[in-house]
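Residue numbers (this note's numbering): 631 to 742. For every residue, glycine included, the Cβ atom is placed at its ideal position computed from N, Cα and C.
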Amino acid sequence: MNRYLSLLNLTVVAAGAIGAYELVGFNDQAIAAEDAAVKGIALNPAAIGEPTAAMAAGTITIKADGVINAGEKIISSATKGRVKTAGVDPANAFAVALTSAADGELVEILIR
């Protein structure tokens, strides 16, 4: 079960279908690309044209794409609704892992 503590939510009007707990880009669509710029994480699903809240700061649990260790920088994954460890020189690290997780497990991250 996902859980979160939101410090800042932004209202996003979906430009494409967005699922709950999917990463949202600055084009207001769900992200399906590695190391993309992240506007927030959708807290609720939204169809095209519908508003939803996207968490821009706070803590949230989300599925890991690969092994993630606590303290590592986090980037978007090419798999919708997942995050992964940032490489050596990420362009768009948006969070840090607060817990460790194996592939497919929930990892708690701090978005800042």
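Coil, strand or helix - residue i by DSSP
i    : result
M631 : coil
S706 : strand
S636 : strand
T729 : coil
G717 : coil
V743 : For the chain, the structure presents residues 631 to 742; residue 743 sits outside this window and is missing.
Exposure label - residue i; buried when at least 16 CB within 10 Å
i    : result
E735 : exposed
I704 : buried
A663 : exposed
Integer Cβ distance of residue i from residue j, believed to fall under 8 angstroms
i    : j    : result
D658 : V643 : 6 angstroms
I671 : L653 : 6 angstroms
| task | Note down, one range per segment and in chain order, each beta strand (DSSP E) of at least 3 residues found wholly within the stretch 642-687. | result | 670-672
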